[in-house]
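Asks: Counting in my numbering, the sequence shown runs from 419 upward without gaps. Glycine residues also receive a C-beta, built at the ideal position from the N, C-alpha and C atoms. Given the structure is predicted, the values throughout are model-derived calculations rather than measurements.
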Amino acid sequence: MAKKIVPPIAKIIPKTLEKHGDVRIDNYYWLNDRENPEVIDYLNKENDYYQKSTAHTKQFQAILFEEMKARIKEDDQSVPYFYNGYWYITRFEIGKGYPIYARKKQSLEAEEEILFDCNEMAKDHAYFKLTGLSVSDDNKWISFGVDTVSRRQYTIQIKNLETNEILPLKIENTTGGATWANDNKTFFYSRKDEQTLRPDKIFKHELDSSPENDILVYFEKDETFDVSVYKSKSRKYIMINSDSTMTSEYRYLLASKPNGKFKVFQKRTRGLEYSISHFEDHFYIVTNKDKATNFKLMKTPEDATSKENWVDLIPHREQVLVEAIDIFKDYLVVSERFNGLNQLKIMPWKGKEYYLPFDSETYMAYTTTNIDFDTEILRYSYQSLATPSSVIDFNMRTKEKTVLKEQEVLGGTYDKSNYTEKRIWATAKDGIKVPISMIYKNGVEQNGKNPTLLYAYGSYGVTMDCHFSSVRLSLLDRGFIFAIAHVRGGEDLGRNWYDNGKLLKKKNTFTDFIACSEFLIKEKYTSNEHLYAEGGSAGGLLMGAIINMAPNLYKGVIAQVPFVDVVTTMLDGSIPLTTSEYDEWGNPNQKKYYDYMKSYSPYDNVVAQDYPNIYISTGLHDSQVQYWEPAKWIAKLRVLKTNNNQLYLDVNMDAGHGGASGRFEALKEIAKEYCFLLDLQGIQG
419 MAKKIVPPIA
429 KIIPKTLEKH
439 GDVRIDNYYW
449 LNDRENPEVI
459 DYLNKENDYY
469 QKSTAHTKQF
479 QAILFEEMKA
489 RIKEDDQSVP
499 YFYNGYWYIT
509 RFEIGKGYPI
519 YARKKQSLEA
529 EEEILFDCNE
539 MAKDHAYFKL
549 TGLSVSDDNK
559 WISFGVDTVS
569 RRQYTIQIKN
579 LETNEILPLK
589 IENTTGGATW
599 ANDNKTFFYS
609 RKDEQTLRPD
619 KIFKHELDSS
629 PENDILVYFE
639 KDETFDVSVY
649 KSKSRKYIMI
659 NSDSTMTSEY
669 RYLLASKPNG
679 KFKVFQKRTR
689 GLEYSISHFE
699 DHFYIVTNKD
709 KATNFKLMKT
719 PEDATSKENW
729 VDLIPHREQV
739 LVEAIDIFKD
749 YLVVSERFNG
759 LNQLKIMPWK
769 GKEYYLPFDS
779 ETYMAYTTTN
789 IDFDTEILRY
799 SYQSLATPSS
809 VIDFNMRTKE
819 KTVLKEQEVL
829 GGTYDKSNYT
839 EKRIWATAKD
849 GIKVPISMIY
859 KNGVEQNGKN
869 PTLLYAYGSY
879 GVTMDCHFSS
889 VRLSLLDRGF
899 IFAIAHVRGG
909 EDLGRNWYDN
919 GKLLKKKNTF
929 TDFIACSEFL
939 IKEKYTSNEH
949 LYAEGGSAGG
959 LLMGAIINMA
969 PNLYKGVIAQ
979 VPFVDVVTTM
989 LDGSIPLTTS
999 EYDEWGNPNQ
1009 KKYYDYMKSY
1019 SPYDNVVAQD
1029 YPNIYISTGL
1039 HDSQVQYWEP
1049 AKWIAKLRVL
1059 KTNNNQLYLD
1069 VNMDAGHGGA
1079 SGRFEALKEI
1089 AKEYCFLLDL
1099 QGIQG
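(1) Between which two residues does the alpha helix (DSSP H) containing Asp730 stretch?
(2) Can you check the region 715 to 760 for any beta strand (DSSP E) of at least 3 residues that lies completely inside it and give the ranges in chain order?
(3) Tell me the DSSP secondary structure of Phe931 in three-state form.
(4) Measuring straight from C-alpha to C-alpha, what distance separates Met988 and Met716?
(5) For Asp895 and Ile842, what's the separation of their Cα atoms in angstroms?
(6) Quick check: the Cα distance between Gln978 and Gly962, rounded to an integer number of angstroms?
(7) Does DSSP put Phe697 in a helix, a strand or coil?
(8) Suppose you measure from the CA of Lys973 to the CA of Glu947; what does that come to, to the nearest Å?
(9) What residue from Leu615, Phe621, Lys675, Tyr636 has the CA that sits closest to Asn600's CA?
(10) When DSSP labels each residue in this structure, what does His1075 get in the three-state scheme?
(11) Which of helix, strand or coil does DSSP assign to His474?
(12) Cβ atoms of Leu1038 and Met1071: under 8 Å apart, would you say?
(13) Where does Phe791 fall in DSSP's three states?
(14) Compare the Cα-Cα distances from Gln801 to each of Glu863, Asp730, Cys884, Tyr832 and report the closest residue.
(15) Considering only residues of the same chain and omitting the five flanking positions on each side of Ala485, which have a CB-CB separation below 8 Å?
(16) Return the CA-CA distance between His1075 and Gln1044, expressed in angstroms with no decimal places.
(17) In its own chain, which residues sit with a C-beta less than 7 Å from the C-beta of Asp493, not counting the 5 before and 5 after it?
(18) Confirm, please, whether the CB-CB distance from Phe746 to Thr718 is below 8 Å.
(19) Taking only the alpha-carbon atoms, compute the straight-line gap between Pro643 and Ser660 and give it to the nearest angstrom.
(20) Output the boundary residues of the alpha helix (DSSP H) element that contains Tyr944.
(21) Determine whether the Cβ of Thr604 lies closer than 8 Å to any Cβ atom of chain E.
(22) When DSSP labels each residue in this structure, what does Asp535 get in the three-state scheme?
(23) Starting from the C-beta of Gly449, find all residues in its chain whose C-beta is less than 6 Å away, skip the five residues before and the five after it, and write them out in chain order.
(24) Please say whether Glu741 and Leu759 have beta carbons closer to each other than 8 Å?
(25) The alpha helix (DSSP H) spanning Glu1002 covers which residue range?
(26) I'd like the ranges of any beta strand (DSSP E) spanning at least 3 consecutive residues and lying wholly in the region 945 to 978.
(27) Taking Cβ to Cβ, would you say Ile574 is nearer than 8 Å to Leu585?
(28) Just to confirm my understanding: we take Val880, look at its own chain, exclude 5 residues before and 5 after, and list those with CB closer than 6 Å. What are they?
(29) For Phe776, which of helix, strand or coil comes out of DSSP?
(30) Need the endpoints of the alpha helix (DSSP H) that Ser892 sits in, please.
(31) Would you tell me roughly how many angstroms separate the C-alpha atoms of Val424 and Gly829, rounded to the nearest one?
(32) On the DSSP bridge assignment, give the partners of His1039 in chain order.
(33) If the criterion is Cβ atoms closer than 8 Å, does the pair Val982 and Tyr950 meet it?
(34) Whose C-alpha, out of Asp721, Glu612, Asp555, Ser627, is nearest the C-alpha of Lys588?
(35) Just confirm the distance between the C-beta atoms of Ser646 and Thr593, as a whole number of angstroms; I'd bet it's less than 8 Å.
(36) From which residue to which residue does the alpha helix (DSSP H) around Leu1085 run?
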């Protein structure tokens, strides 16, 4: 007789938490201590339980991994782009999981100069991430940021591109990026608070000095703001951006005068959001000024930047969200969103405007690397749920397009005409129509028997666009329907869509998802015996909320790095990212926000009831959602759930919020998730 696998039960050490006269008892608060050997032991026991309980799927995981990997072109490379005399290329080699960054002088036929081979740099690390590559104007120096822990605390280093020597300089605890001034020896960078990991300081560094002598040029005192630094596309200005969820403030400095003093562009006014681009003698401003909920485009002379000087260029429209702009010498390109779909509007400075035509309802299109002003070519990317990603050069004068690259799906069997993609609309609890984008293999019938994976995020105004995934084919080809619920809290249908899914309207995100689930069942795409839900981070919060509110709708749920202990986390200003998110969730130091958060916080609302099968993943070093949130959540679920459904916590002891590093290691994590779903469906091959 096989020995029964017994799940670990975390010990109970009650801790009393009191706020606004309200008392909460947290039995698992002790798991917050990463340095406690008992905590590590508990996490290892959860991992051991997960591994033993799913041992029968190990071979299937390996099959899925190889299947997904086989569709990916291993010796792949990016479309080259030209900047300041060089063509820049990112490429991969067969059998290697990390990118190689390279460039070629003037011509693509020139000899390749390797900037960084991340495969060599990653050799001695369980996790490795390179970011923030920035080349000085004289092409002699390149700065870069390295993270070997997965806590997003990058160390900036400098490489001499003439000698290939990496300087001994190491600037720690940064965001990884650096912005060079025009003197080719000075750069600016942002540093993080050691405890909260909030980027709060901008420093200036000169190549011949040590980091101890770096000059603090800006400190952001307001804990709800983050700061960043970059150079304008015109290369004339260094820009410092202070940003919170609802308010923006920029400072600018001539890049030719790095020792000058930054000027405020427009001082912060709560609720005023703006972003700026520079061209010739004007700044162009995407802003919500004058109650422009969906944003509009304004302009102002570069010597008169305060808001009373701004004039409308594209006025506010109730149904169209202005997301971004790209400026060229003869054209302005506006990235918009209408009825949940991307639009690219081409506006010649002299001539008639027009839109790029797109004929799908489940696509995404966005501008990519457009560095030069003096060109009539717009580079953009297009993909849909069934159409592999393409990079396209579009001539804005002749309207001719050239597909530079289409993502290859290896194996020779993929044909997008074998799949159906569509958009349908569910009705939310308050009567609002919520779009659902979906894809499935031709021949699927609406008989209520189809395994269906419904995905959503629904926070921070992040839009869940319809991207193509060759990995997803492993589900579709086994009969799954894949669907995205475009719930409120994202910006899918404009800024109001976001505003109506945050703060004291956050529950709309959860009830929208439940309404989409019920609609899929009502329309017989699936049933609650075959419906699965998935979300990560703030989408993991969504997963935690829906299984408390409507556990009977789902056969299984995947919650990746879930933000589930909302009240306790938002009350702790020492935890990374907390204070900067008060405008998203509310500040629980105010009773109305405390009470509302507590009413939906997944961890606080676990009750004795049947729960679906649940797979939870996290990383020990996660800086975005601390590992103890899912650890505490699963400990509480284990004790309170009233059925014998599967409940797994899978902890990556080497990684953080983004999971494993390297192209193919990440596929192993997806294979685990897919095996969880397929095993519940009884699909073994």
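Replies: By the coordinates alone:
(1) First-last for Asp730: 729 to 732, but that is the beta strand (DSSP E), not the alpha helix (DSSP H).
(2) 729 to 732, 738 to 745, 749 to 756
(3) helix
(4) 36 Å
(5) 22 Å
(6) 11 Å
(7) strand
(8) 5 Å
(9) Lys675
(10) In this prediction, His1075 scores a pLDDT of 47, lower than 50, which makes its location untrustworthy; the coordinate-derived value is nonetheless stated afterwards. Residue state, collapsed to three classes: coil.
(11) helix
(12) yes
(13) Three-state DSSP puts Phe791 in coil, outside helix and strand.
(14) Cys884
(15) Reading off the sequence shown, one finds Glu at residue 485, where the question assumed Ala. So the qualifying residues of the chain are Ser892.
(16) For His1075, the pLDDT reaches just 47, beneath the cut-off of 50, and the residue's location in the model is therefore unreliable, leaving the point undetermined.
(17) Phe510, Glu511, Ile512
(18) Taking 8 Å as the cut-off, the Cβ atoms of Thr718 and Phe746 do not count as close.
(19) The displayed chain sequence assigns Phe, not Pro, to residue 643. When rounded, the distance between both Cα atoms is 6 Å.
(20) Looking at the sequence provided, one finds Thr at residue 944 rather than Tyr. Segment: none, Thr944 is in no alpha helix (DSSP H) and carries neither H nor E.
(21) Reference to chain E is not applicable here, since this structure consists of a single protein chain.
(22) In the structure shown, Asp535 sits in a strand (DSSP, three-state: E or B).
(23) Residue identity check: residue 449 is Leu in the sequence provided, not Gly. Contacts found: Val457, Trp1046, Ala1049, Lys1050.
(24) No. Outside cutoff.
(25) Counted as a single uninterrupted DSSP element, the alpha helix (DSSP H) harbouring Glu1002 occupies residues 1000 to 1003.
(26) 949 to 954, 974 to 978
(27) For Ile574 and Leu585, no; Cβs fall outside 8 Å.
(28) Within the same chain, Val880 has close Cβ partners Gly908.
(29) coil
(30) 891 to 894
(31) 42 Å
(32) None, per the DSSP bridge assignment.
(33) Result no, Cβ atoms of Val982 and Tyr950 do not sit closer than 8 Å.
(34) Ser627
(35) 7 Å
(36) Looking at the DSSP string, the run of the alpha helix (DSSP H) that includes Leu1085 is 1083 to 1099.
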